[in-house]
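S.K.: Chains X and P are the protein sequences, given in the same order.
So in our numbering, spot 48 of the first sequence is number 48, and the numbers just go up one at a time.
So in our numbering, spot 124 of the second sequence is number 253, and the numbers just go up one at a time.
What follows is a structure written as structure tokens; I'll ask about it next.
2 protein chains.
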Amino acid sequence: MKIGKLAKLTACTIQTIRYYEKEGLLDTVKRSEGNYRLYDSRAIKQLMFIKHCRSLDITLSEIRQLIEIRDSPETTCNNVNALVDRHIKQVDLRIEELKELKRQLKILRRKCTTGRVVKDCGILLELSQ
Amino acid sequence: MKIGKLAKLTACTIQTIRYYEKEGLLDTVKRSEGNYRLYDSRAIKQLMFIKHCRSLDITLSEIRQLIEIRDSPETTCNNVNALVDRHIKQVDLRIEELKELKRQLKILRRKCTTGRVVKDCGILLELSQ
DNA sequence: GTTGACTCTATAGTGACTATAGACTTTAAA
DNA sequence: TTTAAAGTCTATAGTCACTATAGAGTCAAC
Ligand SMILES: [Zn+2]
Ligand SMILES: [Zn+2]
Ligand SMILES: [Zn+2]
Ligand SMILES: [Zn+2]
């Protein structure tokens, strides 16, 4: 299978696949005579793993760690749990930050009522302080 | 006042100040004989305006728009309101996305209990599907 | 044999900074 | 007065996870 088919099967772009290879997340595969990458089902699995992680906003660096962990099948998976826990905490923190941000923006929004003129605008006034 | 003092007064880094100038958000100021930038209170105001906007996650491009609007003091400020409204909507959307992400991560987390071994780890198993 | 679809590498761009390198200027102490 | 330290200058590269080109090569069908 060439890169175009892999891209369609996994709903990744071709550039992204090549990027993951360059970043060491996908194994390098053998090439055809014309230097085309040739993939098999193993590549599909690897790529879907990455996609699944990315859909959960797990960074490429974290994915690299997960791959490394996965390749030591006899060790405990405590560090997997730790990674996911850390990730959940970060998401939670970001949600709280954004909630506060929204609160601030709503306060700002209330400073102006429609139809005013720029020089009297409460929003611009507030932002200038 | 030289750039170092402005940086301290506004709690910006020197690089960021120069970056904002390069991006056209801060006026270019006159220089000393030794080519040092010389600022006055006007620069403090401009910089605090930018900082205030940035603390609300308003992009540099949006700040440029706000500056442009502010410089036409007799027009209506409807577009200021529109910009803030748009911004609030985006933040809201992002919060919802992150909440869903957190939900997914928690489901994932439950797939594993501590003390297991990598090859039986429910999290890695789930991510591989 | 030529068109068109596909793939290759290498490079630059995104946003909002941050971090250097290497040179110059100014201020303070010895 | 010399010299060391601190401050500033420009230019350039790095961050993250892609995305988008340019220009060249490969392959299949007509
Ligand atoms: Zn994470
Ligand atoms: Zn207004
Ligand atoms: Zn916005
Ligand atoms: Zn586990």
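All residues carry an ideal CB built from backbone N, CA and C; glycine is no exception.
Can you give me the Cβ contacts of Ile50(X) inside the same chain, cut-off strictly under 7 Å, excluding the 5 residues immediately before and after it?
M.R.: If you number the first sequence from 1, residue 50(X) lands on position 50. The residues are Tyr20, Leu25 and Ile63.
S.K.: Does the separation of the CB atoms of Asn207(P) and Thr114(X) fall below 8 Å?
M.R.: Position 78 of the second sequence, counted from the first residue, corresponds to residue 207(P). Position 114 of the first sequence, counted from the first residue, corresponds to residue 114(X). Yes.
S.K.: Within the 8 Å Cβ cut-off, does Leu25(X) reach chain P?
M.R.: One-based indexing of the first sequence puts residue 25(X) at position 25. No, Leu25(X) lies away from the interface with chain P (no Cβ there is under 8 Å from its Cβ).
S.K.: Against chain P, with Cβ distances strictly below 8 Å, would Leu60(X) count as a contact?
M.R.: Residue numbering aside, residue 60(X) sits at position 60 when the first sequence is read from its first letter. No - not a single Cβ of chain P is within 8 Å of the one on Leu60(X).
S.K.: Examine the Cβ distances between the stretch 212 to 220 of chain P and the stretch 133 to 145 of chain P and report whether three or more of them are shorter than 8 Å.
M.R.: no
S.K.: For Ser55(X) and Ser161(P), I'd like the C-alpha separation in whole angstroms.
M.R.: Within the first sequence, numbered from 1, the residue matching residue 55(X) stands at position 55. Within the second sequence, numbered from 1, the residue matching residue 161(P) stands at position 32. Approximately 52 Å, taken between the alpha carbons.
S.K.: Exposed or buried, which one is Tyr36(X) when buried takes at least 16 other CB atoms within 10 Å?
M.R.: Against the first sequence, residue 36(X) aligns to sequence position 36. Classification of Tyr36(X): exposed, given that the 10 Å Cβ count is below 16.
S.K.: So is Lys45(X) in contact with chain P if we call contact Cβ pairs under 8 Å?
M.R.: Residue 45(X) sits at position 45 when you count from the first residue of the first sequence. So yes, Lys45(X) belongs to the interface.
S.K.: Going by DSSP, name the residue or residues bridged to Val246(P).
M.R.: Within the second sequence, the letter at position 117 stands for residue 246(P). Looking at the DSSP assignment, Val246(P) forms a beta bridge with Thr76(X).
S.K.: Are there 16 or more other CB atoms within 10 angstroms of the CB of Ala211(P), so buried, or fewer, so exposed?
M.R.: Within the second sequence, numbered from 1, the residue matching residue 211(P) stands at position 82. Classification of Ala211(P): exposed, given that the 10 Å Cβ count is below 16.
S.K.: Do Thr59(X) and ligand 1 come close, with the Cβ less than 7 Å from some heavy atom?
M.R.: As a first step, residue 59(X) is located in the first sequence; it is residue number 59 there, counting from the start. Indeed, a heavy atom of ligand 1 lies less than 7 Å from the Cβ.
S.K.: Start and end of the alpha helix (DSSP H) containing Gly133(P)?
M.R.: Translated into the one-based positions of the second sequence, residue 133(P) becomes position 4. It spans Ile132 to Thr139 - the alpha helix (DSSP H) in which Gly133(P) sits, taken as one unbroken run.
S.K.: Please name the residues in the stretch 215 to 235 of chain P whose beta-carbon is closer than 8 Å to at least one beta-carbon of chain X, in chain order.
M.R.: His216, Ile217, Val220, Asp221, Arg223, Ile224, Leu227, Lys228, Leu230, Lys231, Gln233, Leu234 and Lys235
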